[in-house]
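Novice: Residue numbering for the sequence shown follows our numbering, starting at 10 and increasing by one per position.
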Amino acid sequence: MKFFYNLLIIFFILILHQQPLKAETYFLDFKYILNKSNAGKKANEILKKELDQGIKKLQDNEKRLQKEEKEIIQQKKVLSTEEYKKKITALRQKVSSLQKNRNSLLESVAKKRNKGRKQLLDELNPLVKNYMQEKNIKIVLDKKNILLGDEKLDITKDIMSLLNKKLSSLNLD
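(1) DSSP on V149, reduced to helix/strand/coil?
(2) For L156 versus A48, is the C-beta distance shorter than 9 Å?
(3) Starting from L37, trace the beta strand (DSSP E) in both directions and tell me its first and last residue.
(4) If you follow the alpha helix (DSSP H) that S84 is part of, which residue opens it and which one closes it?
(5) Please list the segments of the alpha helix (DSSP H) lying wholly inside the region 104-176, counting only runs of 4 or more residues, in order along the chain.
(6) Would you report the Cα separation of R122 and N154, rounded to the nearest angstrom?
(7) Are the beta-carbon atoms of I148 and T34 separated by less than 9 Å?
(8) Flag this pair as touching only if the region 54-61 and the region 83-91 have three or more C-beta atom pairs under 8 Å; answer yes or no.
(9) Out of K109, Q83, D182, K166, which has the shortest C-alpha to C-alpha gap to K45?
(10) For L150 and F36, which I take to be in contact (beta-carbon distance under 8 Å), what is that distance rounded to the nearest angstrom?
(11) Would you identify the three-state DSSP class for L181, choosing helix, strand or coil?
(12) Just the Cα atoms here: how many angstroms apart are E116 and K175?
(13) Would the region 80-87 count as touching the region 102-119 if we require 3 or more Cβ pairs under 8 Å?
(14) Looking at K152 and K65, is the spacing between their C-beta atoms short of 9 Å?
(15) Tell me whether G158 is buried or exposed, calling it buried when 16 or more other Cβ atoms sit within 10 Å of its Cβ.
(16) Nearest to K120 by alpha carbon, out of N134, K50, D38, E59?
Next comes the structure, spelled out in structure tokens:
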């Protein structure tokens with residue numbers, strides 16, 4: 010009886026082993042789509058421009074504060090101790106305010122980037138689901154989680170063309 014079970018198991022293994030494996034697992038590069046799609050490019054340009062303008066303003070303020078600091082140091086011998094301390098305290102408050110502005114700028118850009126990413130992914134998910142149903146695909150993986158894969162299984166370009174047709178820009182405000 011034991012021999013019969015072993016023979017049956019070997020028989021099933023051989024039958025299953027000869028079945029051709031159907032490729033139902035595909036992959037796409039989400040990062041590439043987020044950065045290279047029309048909507049993603051526009052959002053990145055807007056955010057980069059906003060960040061560059063904010064940093065330029067902060068650098069101008071920083072230069073002005075450095076100039077003010079040099080003036081206070083030069084006037085140290087002329088000013089009374091109380092007046093000198095008041096000016097130093099005021100300068101420290103301005104520097105603190107500058108740091109707060111820098112942090113709020115970076116936080117604002119990060120929030121907008123996350124909002125744009127979420128919008129893009131919200132538009133992308135139904136597209137990928139529909140594509141999976143049309144092509145009878147069981148699993149789609151992110152390319153960053155794959156060590157090696159056949160380029161024929163990469164559906165990034167197909168999904169990106171569908172996304173570009175559906176979504177031309179993002180609302181970051």
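Cβ atoms here follow ideal geometry from the backbone N, Cα and C, with glycine treated the same way.
Specialist: In brief:
(1) strand
(2) no
(3) 34-37
(4) What sits at residue 84 in the sequence shown is Gln, not Ser. Careful: Q84 lies outside any alpha helix (DSSP H) and carries neither H nor E.
(5) Whole alpha helix (DSSP H) segments, 4+ residues: 165-175.
(6) 23 Å
(7) Yes, Cβ-Cβ distance for I148 and T34 is below 9 Å.
(8) no
(9) K166
(10) Right, their Cβ atoms sit about 5 Å apart.
(11) In the structure shown, L181 sits in coil (DSSP, three-state: anything other than H, G, I, E or B).
(12) 30 Å
(13) no
(14) no
(15) Burial call: exposed.
(16) E59
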